[in-house]
Structures are given as C-alpha cells and as structure tokens.
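K.L.:
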Amino acid sequence: MERWMRETSSTGRAVTPATRPFARNCIMAVLCLVAVANYIDRQIVGILLEPIKREFGVSDTAMGFLTGLRFAGFYAAAAIPLAWLSERKPRSKVLAGCVIVWCLLTGLGGLAQTFWQLAFTRVGVAVSESGGIPASHLITSEMYEPNLQARAIAVLSGAQSIVMGLGFALGGWLSQAFDWRLTFILVGVPGLLLALPLLFMKDIPRGKSDRIAEAIENMSFKETFKTL
C-alpha cells in the first residue's frame, strides 16, 4: 500500500492526498461546482417553461409533470438506493456517474422532438441528480475531521444557495440570447467536465469519520430501507 495510506494525522485519521489541505480544497471546489450544476439542471425547465409550452402546445398540467410533484417523486424515490450505493462503492465514481448521466440527459432534452421525449429525459435527470447530494456529503465527511465536517457541509450547501439567486438570472439571460433547445445543451454539456476530476480521484479510505461504517457495509438495501 502506498506510503500516504499508512500515514496518520494527530487525530488518528489517515493522511491521503485527498485529505491534505490543497487537494482537499480543490475537491471541495469541484463538489461546490457539482452542487451548482445540479441545481441549475434541475431548475432549467422552470426557467424555460413558456417557450417549451408554446413549441409543444401542451397544457400547464402537462408542464407540471416536468417541474412539479412527479419530478420530485422520481428524485425522492431514487435518492435512497443511490445513497445506499454511495455507502458501498467508491463515492467519487458514483458521483461522477450521476453527473455524466444528468448532464447528458439535460443536453439530450434540447434535442427532444416530442413532449414525452423531453419528459423521459427529465425523469432521468431527476433520478441521477438524486445521487449528487448523498455522494457529495459522504466525500466531504471523509475529507474532514469531525469538528470541521459541519462547516464543510455548510460551504457545500452555501454554494447551492448562492446559485438559487443567480440561477434564474443566468437562465433568463440564456433564454433571451438563445432558444430553449440550445440553452439545454449549453447548460448540460459543460457539466460533463466536472466528472473528469471525480473519475480520476482516488477513493478516500472509509470509516475514518464514523464508527458504524462496518455495520453499514453489512446491511442489505432492504435492511437499510427498514432502518429509515
């Protein structure tokens, strides 16, 4: 095993490239950008609601399928199994997979020829985006000592809160400068770049931030769901 895997800090946590200050800050920056991309891709339909509605000639009820309770339902339903997967597989790879899927589907939404093709891509976006927060929080909790974890999570959440204010302004500008199809592509495709550092990131050793990691590893999905 590499030397950095054997080193420990004064707190007893393994010192890895991902837990050293500079690398840790770089990873946190990527996670913040992922959170920003997650929010913008999730809200883009609401921003472009009117031009989409006009092009497909659908009702407000149909548009509600893309933005309302049903979208949230798919998001919530997929969150638990993806969180379960993140607890057992390399978190950075799970997150990278989610980013790739939701960005590709957002971009493909701009190529939809029918309303239901667009709806299908949005269901995929909802499912894949639901894995973003659990995986990001797990990565963050393993990078930071327990006394710094709450602060780190606050920074991650703050990035998303900031874009809540800026996202609609950015989306409004894009919708005026380009048609809704190109806006989908411009919002979705660049996010794929965020998956690259996650794909090449070495997974952080587990169990350093909590004492129940082994018990969690041995729980089936059914047992995990019952616990919740």
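Adding 59 to a residue's 1-based position in the sequence shown gives its number in our numbering.
From the three backbone atoms N, C-alpha and C, an ideal C-beta is built for every residue, glycine too.
Since we're looking at a predicted model, the values are computed, not measured.
Taking all protein chains shown into account, do 16 or more other C-beta atoms lie within 10 angstroms of the C-beta of R210, making it buried, or fewer, making it exposed?
P.N.:
The residue is exposed, with fewer than 16 neighbouring Cβ atoms inside 10 Å.
K.L.:
Going by C-alpha distance, which of F243, L90, T173, M260 is nearest I106?
P.N.:
Taking only the C-alpha atoms, the option nearest I106 is F243.
K.L.:
Grab the span of the alpha helix (DSSP H) containing Y98 for me, first residue to last.
P.N.:
That run of the alpha helix (DSSP H) goes 80-106.
K.L.:
Rounded to the nearest angstrom, how far is the Cβ of S187 from that of V222, given a contact under 8 Å?
P.N.:
Contact doesn't hold; Cβ gap of about 18 Å is too wide.
K.L.:
If you draw a straight line from the C-alpha of Y134 to the C-alpha of R240, how long is it?
P.N.:
Their Cα atoms are separated by approximately 23 Å.
K.L.:
Pull up the CB-CB distance for T36 and L92, whole angstroms please, since I reckon it's below 8 Å.
P.N.:
With the chain represented from 60 up to 287, any question about residue 36 goes unanswered, as that position is not in the structure.
K.L.:
If I follow the unbroken alpha helix (DSSP H) through M202, where does it start and stop?
P.N.:
191-202 is the extent of the alpha helix (DSSP H) around M202.
K.L.:
Report buried or exposed for A178, applying the criterion of at least 16 other Cβ atoms within 10 angstroms of its Cβ.
P.N.:
When all chains shown are included, A178 counts as buried.
K.L.:
Could you give the first and the last residue of the continuous alpha helix (DSSP H) run that contains P149?
P.N.:
Note, P149: premise wrong, no alpha helix (DSSP H); not H, not E.
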